[in-house]
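Numbering (my numbering), first residue to last: 1111 to 1215.
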């Protein structure tokens, strides 16, 4: 499947794990309306990332249609935590926050 080379490339470039998203109510992976698979990247929380560069590098990998990184699109971030609380981050731009210190969401 085409996701394997993409998965390997993400893990080699950035570390962490790129995991094929499995469907909940059917067998097999989630498939988008356009027939694409979704990879969820669990980044290494011990590394520092400059997210604008990560977004560009991910976008240049053949097979990646889009990322879930919203660079320069907001100045406020809300993160839903497993315990039901919400973490709110504010700044001039979302690039000020590395998310590396928020590993338990």
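All C-beta atoms in this analysis are idealised placements derived from N, C-alpha and C, irrespective of residue type, glycine included. Since the structure is predicted, the reported quantities are computational estimates derived from the model, not experimental observations.
Rounded to whole angstroms, what's the CA-CA distance from residue i to residue j? Just pull it up for me.
i, j, result
"residue 1115", "residue 1160", "23 Å"
"residue 1184", "residue 1200", "9 Å"
"residue 1139", "residue 1182", "31 Å"
"residue 1196", "residue 1153", "20 Å"
"residue 1177", "residue 1117", "13 Å"
"residue 1120", "residue 1128", "7 Å"
"residue 1194", "residue 1150", "21 Å"
"residue 1156", "residue 1170", "24 Å"
"residue 1130", "residue 1173", "14 Å"
"residue 1166", "residue 1124", "13 Å"
"residue 1113", "residue 1122", "14 Å"
"residue 1192", "residue 1144", "31 Å"
"residue 1179", "residue 1158", "16 Å"
"residue 1207", "residue 1164", "Confidence at residue 1207 is low in this model, with a pLDDT of 46, below 50, so its placement is unreliable and the value that follows should be read with caution. C-alpha separation (whole angstroms): 14 Å."
Looking only at its own chain, which residues have a Cβ that is under 8 Å from the Cβ of residue i, when we skip the five neighbours before and after it?
i, result
"residue 1142", "1148"
Can you give me the Cβ contacts of residue i inside the same chain, cut-off strictly under 7 Å, excluding the 5 residues immediately before and after it?
i, result
"residue 1175", "1146"
"residue 1126", "1151, 1152, 1153, 1154"
Quick one: residues in its chain with C-beta nearer than 6 Å to the C-beta of residue i, no 5 flanking neighbours on either side, listed in chain order?
i, result
"residue 1198", "1188"
Open item on the list: Does the contact criterion of 3 or more C-beta pairs under 8 Å hold for the stretch 1172-1189 versus the stretch 1127-1141?
Closed with: Contact annotation: the stretch 1172-1189 does not touch the stretch 1127-1141, with fewer than three C-beta pairs closer than 8 Å.
Task: Runs of beta strand (DSSP E) wholly within the stretch 1144-1174 (minimum 3 residues, chain order) - done: 1149-1152
TODO: Within the stretch 1115-1148, note down every full alpha helix (DSSP H) run reaching 4 residues or more, in order along the chain.
DONE: Runs of the alpha helix (DSSP H) inside the stretch 1115-1148: none found.
Task: Ranges of the beta strand (DSSP E) found wholly within the stretch 1176-1207, counting only runs of at least 3 - done: 1186-1190, 1196-1200
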